[in-house]
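Numbering (the numbering used here), first residue to last: 139 to 316.
Below is one structure; the comments refer to it alone.
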């Protein structure tokens, strides 16, 4: 039986200014991750993200650590320099890069525009937090990395500036501009 993809959520605060990475990722998984993020952002009305090699390197270090530990947990805000973070875990070699990001984006079904954290039809912001981090209007850069564990692989995506800021309003551009 295959392990169903799971993920954890974070409470992100504003990130610190980070140097911009390359605009185009260096391999196909990175391209797919970036394209999947930007498709969700386009649907929401947010500007496209740029790929950040710096964020990707940070994500790779954390993903490797989690794979060694064989568990998922968010880095502390200090450990990730205030950047946003999405985590995903699934059966090793079973999921495509698109399916990994789709796991985050699928939370859209529970999203309602509003003041964070009151942005979920379920009443639990954790049911939409990965999605809101991806489409957060102020976020400009992303970097993701995958690390294999014994049975599972772990994807870490880092974002700058971080989204999911308590008290901030998040709404699709077409709703926000009405």
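Quick reminder that beta carbons are idealized off the backbone N, C-alpha and C, glycines included.
- In the structure shown, residue 210 adopts coil according to DSSP, grouped into three states.
- For residue 204, the three-state secondary structure derived from DSSP is helix.
- Here the region 222-235 lies against the region 293-300, with 3 or more beta-carbon pairs under 8 Å apart.
- Taken through DSSP and simplified to helix, strand or coil, residue 222 comes out as strand.
- Judged by beta-carbon spacing, residue 283 lies within the 8 Å limit of residue 198, meaning their Cβ atoms are closer than that value.
- Annotation for residue 172: the continuous alpha helix (DSSP H) segment containing it runs 166-182.
- Between residue 280 and residue 295 a beta carbon distance of about 6 Å is seen, short of the 8 Å cut, so the two are scored as contacting.
- Within a 10 Å sphere around the beta-carbon of residue 235 sit 16 or more other beta-carbons, which makes this residue buried.
- The Cβ atoms of residue 309 and residue 184 do not sit closer than 8 Å to each other.
- Residue 294 carries a strand assignment under DSSP once its states are collapsed to helix, strand and coil.
- In this structure residue 250 is not in contact with residue 178, their Cβ atoms being roughly 16 Å apart against a cut-off of 8 Å.
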